[in-house]
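Chains as they are written, first to last, in the working numbering: chain A, 87 to 496; chain B, 406 to 576; chain C, 9 to 316.
Even glycine gets a Cβ: it sits at the ideal position worked out from N, Cα and C.
For clarity, every value in this text was computed on a predicted model and none was experimentally measured.
I have placed the structure first, in the form of structure tokens, so that the comments after it can refer back to it.
This is the structure in structure tokens:
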């Protein structure tokens, strides 16, 4: 009973915390709510008219939504980057911010599920995919696997974050016996969500561009570049705007790990490009569309090269210790690698995989405004979730917001 | 004596309808595609003397341009000179127009074989029951058998384009 | 929005002995109903409709009655929704003569009419590819949009592509909710009441045989084919995937598929693969046969051959 009333107080206090903030906070939340409203309006039109308001058609039946989904699974998986050193090596500075990584993962997963939902032709039948309620085609369908692992990963991260925050709020020590196995479990889980997502495409023999064994390793490598890039910037913002203490040492360690994964990611890209161009089979056509265009259609070409150049530039900045430790060049590198992976894993993966289609048809897809508005709405939900979680979590981590103190400071 | 040999003997005894060496088979075909009002041919030909000379026709049937091994063939190779309502096989046997496949099959034996099992040409009806065959002449003009080009149905609409211009424009 | 008669929110069978599944499904109804009202023409029965294999024969009857009622309301003429089962000992196969097809597209439109495909947005289950004789079968030089005055065009041949009814169908494997499956007679069907419209099957199909209802399908009432099958040509809703079923509504009654009957050149052959006397078996045993994308091991029941 006591726990229940604690929870109620925790919830009420959290709501009060969320509702109060400075002008910047209101402006940010207001901006997100505006995006959300635009997205909702666009999605209503999509529900009414059908997916015909998108530019997806039979030849390119997946597009911007699924591209964003794929990229965000990578972001969710990248939380592991912080968990591994923190918990395996008992490395102090990272440990406090692991919780932030997990909250990032939760937000990314919310967006992932959002992007899948908006991509469905029949969102009213979403319950068909709920285990035991619907009729999941497990273990045959990789999409069934993905549903399971993504939701399990979401639940896992949510449980750990909630438990840790609740303990901090009630000023009790958390039980290592509970937290440590869960956190350790999240490591293979993070690998598995991204592997399963890669297998989703990888397993389709009909699509030679995806049907490559290098896809899953490449997914992991690129995820471990882009996820921490977001976090690096975020942590710098947090330590400026809040009293949260994050040591330089922690940030530089993350940056160093990123340099390795970026190098590896570029190596894997190079391996794939070599195989495609040197063997020069008819399957080269998809890669050619990506990098050079087909029949004068070069929609993806500038993006594809931008991705490669950004990736190379970011790798250089992160590899050289001097630029890695300089905040300006470090942040520039973060933006570059984020852009690189966003292109590579989003449109750069989905669109050339489907162009030309299985009967050789060239349909040159680019997202419609509806897709862009709906997508920004989904992003707004994710960012809003992350913002609100941070708003509650930071005072708790700092020990300012506890059961006893209540909302002593905001 | 094997059953096959019995059949063969029986077939030989049956005469013209069984030239292929098999018992008379029943192929349900629609009426032969004769020009309207032209049959029976004997209506005109009965009163005419048979002219067996190979020549260009000028009075009647001049619309027929033979493009079917025309160097070696002419009308009376296939049309029976003494019974214009029937066709004539190489061996002299007479057959009706609805059995014309036997005549075609004399040269195009492989096609006849495929036709009988329903692989050359078109069959409609029931895949596990009675089938309607078409005669060779339903698709191939016997005087110029090469299949005629035809106007195709309209191409599909390209994805993203409206079915009818101006309507349901999505972009 | 819905013109369906007003009914209590939960069907009566839920009240008797509520299984857990039904209870949970009912709970999901609250959320779904909101989305449902945004989508046109939904009903609570439609929302709670279970997958075909989960239905008892009596429930299938209820479903058919509901669909027939809905089609009547929508098209103003009666539609028969049949449920002819597979015939035992039959496995359907198809053979198409590449040497005979002239690319006239009669099959395409016969299929559209027979199978009630949407006219706008346009859905065609058959796609006729025009390719150059010099290059042979090569989809990267194929043109489905050729528009000649007369066909066949000089130097070209034609390859119609439709569902290959694979023995090892990648589309069925990937469906996350078992909304599509292979019937015992070899026909891969879609449960239009269960498909969630994720389009994973479309990504998996190597033959471009699956088509999505991107918008509300339109079907002029006068052009509706009223003889339909539950798993085949009945009018489809928006947001689900559809495909060729070898005209399940015809072939299970012993008729040839509409495309076979429409073809003016006898290019298309259909029959029982298990019957040594069938046309398809004759083709397989006597002709040079080409299996499209054979290396993918989809094991099609659709064969191309060279009959000339």
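Coarse secondary structure for residue i, derived from DSSP in three states
i                      : result
residue 293 of chain A : coil
residue 466 of chain A : helix
residue 488 of chain A : strand
residue 144 of chain A : coil
residue 500 of chain B : strand
residue 146 of chain C : coil
residue 124 of chain C : coil
residue 105 of chain C : strand
residue 105 of chain A : helix
residue 293 of chain C : helix
residue 450 of chain A : coil
residue 546 of chain B : strand
residue 583 of chain B : Residue numbering for chain B in the displayed model covers 406 to 576; residue 583 of chain B lies beyond these limits and cannot be assessed.
residue 77 of chain A  : Outside the displayed range of chain A (87 to 496) lies residue 77 of chain A, so it cannot be described from this structure.
residue 439 of chain B : coil
residue 259 of chain C : helix
residue 490 of chain B : coil
residue 260 of chain A : coil
residue 151 of chain C : strand
residue 526 of chain B : coil
residue 172 of chain C : coil
Where residue i falls, given that 16 or more other Cβ within 10 Å makes a residue buried
i                      : result
residue 426 of chain B : Unreliable placement is indicated for residue 426 of chain B, whose pLDDT of 47 sits below 50; the coordinate value is still reported in the next sentence. Exposed: under 16 other Cβ atoms inside 10 Å.
residue 57 of chain C  : buried
residue 62 of chain C  : exposed
residue 171 of chain C : buried
residue 534 of chain B : exposed
residue 221 of chain C : buried
residue 456 of chain B : exposed
residue 148 of chain A : buried
residue 106 of chain C : buried
residue 447 of chain B : exposed
residue 552 of chain B : exposed
residue 173 of chain C : buried
residue 161 of chain A : buried
residue 525 of chain B : buried
residue 153 of chain C : exposed
residue 336 of chain A : buried
residue 295 of chain C : buried
Bounding residues of the beta strand (DSSP E) (the contiguous stretch that carries residue i)
i                      : result
residue 219 of chain C : 218-220
residue 235 of chain C : 235-237
residue 277 of chain C : 276-280
residue 250 of chain C : 249-251
Beta-bridge partners of residue i, as assigned by DSSP
i                      : result
residue 515 of chain B : Looking at the DSSP assignment, residue 515 of chain B forms no beta bridge with any residue, so it has no partner.
residue 165 of chain C : C/139
residue 226 of chain A : Bridge partners of residue 226 of chain A: none, in fact.
residue 562 of chain B : Paired residues: none, contrary to the question.
residue 311 of chain C : C/103
residue 90 of chain C  : C/237
residue 189 of chain C : C/197
residue 555 of chain B : C/159
residue 298 of chain A : Paired residues: none, contrary to the question.
Residue-chain proximity (residue i, chain F), Cβ-Cβ < 7 angstroms
i                      : result
residue 449 of chain A : Absent from the structure: chain F. Protein chains present are A, B and C.
Host alpha helix (DSSP H) of residue i (start-end)
i                      : result
residue 444 of chain A : That residue, residue 444 of chain A, is in no alpha helix (DSSP H); it is neither H nor E in DSSP.
residue 388 of chain A : 387-405
residue 230 of chain C : Note, residue 230 of chain C: premise wrong, no alpha helix (DSSP H); not H, not E.
residue 178 of chain C : 178-182
Would you call the segment 210-229 of chain A in contact with the segment 439-453 of chain A, where contact means no fewer than 3 C-beta pairs closer than 8 angstroms? no
Indicate whether the contact test is met: 3 or more Cβ pairs, each with one atom in the segment 459-473 of chain A and one in the segment 184-204 of chain A, closer than 8 angstroms. As far as the Cβ criterion goes, the segment 459-473 of chain A touches the segment 184-204 of chain A, which means the pair count is three or higher.
Assess, as a yes-or-no matter, whether the segment 289-299 of chain A is touched by the segment 393-401 of chain A under the definition of 3 or more beta carbon pairs within less than 8 angstroms. no
Tell me whether the segment 268-277 of chain A and the segment 340-358 of chain A touch, counting them as touching only if at least three CB pairs, one residue from each stretch, are closer than 8 angstroms. Below 8 angstroms, too few C-beta pairs join the segment 268-277 of chain A and the segment 340-358 of chain A to call them touching: fewer than three.
Does the structure place the segment 436-446 of chain B close enough to the segment 508-525 of chain B that three or more beta carbon pairs sit under 8 angstroms? Contact fails between the segment 508-525 of chain B and the segment 436-446 of chain B, because fewer than three Cβ pairs, one in each stretch, are under 8 angstroms apart.
Any chance the segment 304-319 of chain A sits against the segment 340-350 of chain A, with 3 or more Cβ pairs inside 8 angstroms? yes
So, does the segment 418-432 of chain A touch the segment 118-135 of chain C, judging by three or more C-beta pairs under 8 angstroms? no
Is it true that the segment 264-279 of chain C meets the segment 529-549 of chain B, where meeting means three or more beta-carbon pairs spaced less than 8 angstroms apart? yes
Does the structure place the segment 156-164 of chain C close enough to the segment 114-123 of chain C that three or more beta carbon pairs sit under 8 angstroms? no
Any contact between the segment 282-292 of chain A and the segment 198-218 of chain C? By contact I mean 3 or more CB pairs, one from each, below 8 angstroms. Under the Cβ criterion (8 angstroms, minimum of three pairs), the segment 282-292 of chain A counts as touching the segment 198-218 of chain C.
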